[in-house]
């Protein structure tokens, strides 16, 4: 956030341990496109997370993800 927000790029972080209002706010920013950069864990692959316009996905250690999670990004 410290690097990108001064440039006008909102960053959202979503992980399983993020709860309550912070989680709802992150999911809303992802869904409506305010968050132009999203960082997170497997929580990003859950069915209730919707991307307005996913332009690029960088997945470290892809072997940890199943076929269904990768297809969900399409």
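Residue numbers (my numbering): 314 to 387. C-beta: ideal position from N, C-alpha, C; glycine also.
Judged by DSSP in its simplified three-state form, residue 348 adopts strand. Ranked by Cα distance from residue 327, the options 320, 319, 343, 370 are led by 343. For the pair residue 370 and residue 347, the CB atoms are not nearer than the 9 Å cut-off. For residue 335, the secondary structure class from DSSP, reduced to helix, strand or coil, is helix.
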